[in-house]
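This report concerns only the one structure given below.
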Amino acid sequence: MKPIYETIDVAVDTSLKIATYNHSEACKLANWHIHPEHELVYIKNGKGSLRIGTEVIPYDKGVLVFLGPNIPHADFSNREYEDNLEVVVQFKSDFLEDKIAIFPEFKKIKQLIDKSKKVLLFDSSMHHQLTDTFLKFEQLDAAGKLIHFMGILDALSTTNNYRCIFETPISFSFKTLEVNRLEGVFEYVNTHYEKDISSQTLANEFGLTVNSFCRFFKKMTQRSFIQFLNNYRTRKATELFRETQLSISEVMYQCGYTDPSYFTKQFKKHQGNTPSAYILKIRSLAASEI
């Protein structure tokens, strides 16, 4: 499994990192991560969920979302259709401070980037309008990609067809040490979720008392660590139910649970159905598409 924390490798001779993922290359769905770069994500089609901070927002027929830096989130991609495509554009804060801010003509773009700290979710009209534009990135060289991206930012900065997911910037007060520590927590969970994990486990891992760790995690994510862990594990279980033929008990053990009744309770709480009802639902949907 890839590490949960994504260190954005923006080459010295470029201002952006632009990656395109197809159906087979998509990242694992439940991986949580955090990074100091801004991120604009276009997903061509299919339905899934945006898991950003404490929010879970379903989407259908693709999505276009713009996040500011240091905002905890899970991967957004889905595997509903084989022709689905995900385009991710990431850039550091100096792209705004050193390049955009010095041009008065880019005032609206600067304002758009500032608003991304609240996370911007664009509506279907903007998603549809910019589809061909996002799909064209793979055909361009570095200079072409930068010019192309500025055109996208210009289009997004002149529309009101979006909503802010959060009322205030959710990462504004995060310190570098806190972000690095949260990166480590996410990476640990993503690589050990099938094992016995507790607040004590993570406190020991990062040299904190249990109370200090719990306060830190609640401050950074607005939820308790146990709430996050159960949400993560049950989300991982949905992946296994969709992508394998494993039994409920096998999935339960692979996701770190040993008590069937507790697994069922947490799965229903976080995913809306019991495991057996969820399996029936996805099999029914699969059968209807044949």
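Just add 21 to wherever you are in the sequence shown, counting from 1, and you've got this note's numbering.
C-beta atoms are modelled at their ideal positions from N, C-alpha and C, and glycine is treated no differently.
Simplified DSSP state of residue i, which is helix, strand or coil
i           : result
residue 293 : coil
residue 56  : coil
residue 100 : coil
residue 50  : Its pLDDT being 48, under 50, residue 50 is placed unreliably in this model, and the coordinates cannot settle the point.
residue 112 : strand
residue 268 : coil
residue 260 : helix
residue 119 : helix
residue 157 : coil
residue 249 : helix
residue 306 : helix
residue 255 : helix
residue 191 : coil
residue 125 : helix
residue 281 : helix
residue 286 : helix
residue 19  : Nothing about residue 19 can be read from this structure; the chain reaches only from 22 to 311.
residue 301 : helix
residue 239 : helix
Classification of residue i by the beta-carbon crowding that lies within 10 angstroms, buried from 16 upward
i           : result
residue 163 : exposed
residue 137 : buried
residue 257 : buried
residue 283 : exposed
residue 40  : exposed
residue 230 : exposed
residue 81  : exposed
residue 287 : buried
residue 228 : exposed
residue 96  : buried
residue 211 : buried
residue 124 : exposed
residue 281 : exposed
residue 307 : exposed
residue 197 : exposed
residue 299 : buried
residue 204 : buried
residue 223 : buried
residue 279 : exposed
residue 225 : exposed
residue 67  : buried
residue 191 : buried
residue 83  : buried
Bridge-paired residues (DSSP) for residue i
i           : result
residue 70  : 79
residue 85  : 63
residue 276 : DSSP, once it has assigned bridges, lists no residue as partnering residue 276.
residue 107 : 42, 64
residue 143 : 183
residue 95  : 53
Run of the alpha helix (DSSP H) containing residue i, from where it starts to where it stops
i           : result
residue 243 : Per DSSP, residue 243 belongs to no alpha helix (DSSP H) and is neither H nor E.
residue 209 : 197 to 213
residue 151 : Looking at the DSSP string, residue 151 is not in any alpha helix (DSSP H), and its letter there is neither H nor E.
residue 220 : 220 to 226
residue 163 : 163 to 178
residue 132 : 128 to 136
Sub-8 Å separation of residue i and residue j beta-carbons
i           : j           : result
residue 111 : residue 38  : yes
residue 237 : residue 202 : yes
residue 78  : residue 70  : yes
residue 99  : residue 105 : yes
residue 87  : residue 141 : yes
residue 72  : residue 94  : yes
residue 354 : residue 113 : Absent from the model: residue 354. The displayed extent of the chain is 22 to 311, so no value can be given.
residue 221 : residue 255 : no
residue 312 : residue 74  : Not covered by the structure: residue 312. The range shown for the chain is 22 to 311.
residue 143 : residue 85  : yes
residue 76  : residue 247 : no
residue 107 : residue 62  : yes
residue 218 : residue 277 : yes
residue 305 : residue 269 : no
residue 253 : residue 53  : yes
residue 116 : residue 36  : yes
Closer than 8 Å to chain C by CB, residue i
i          : result
residue 77 : Absent here is chain C; the protein component of the structure consists of one chain.
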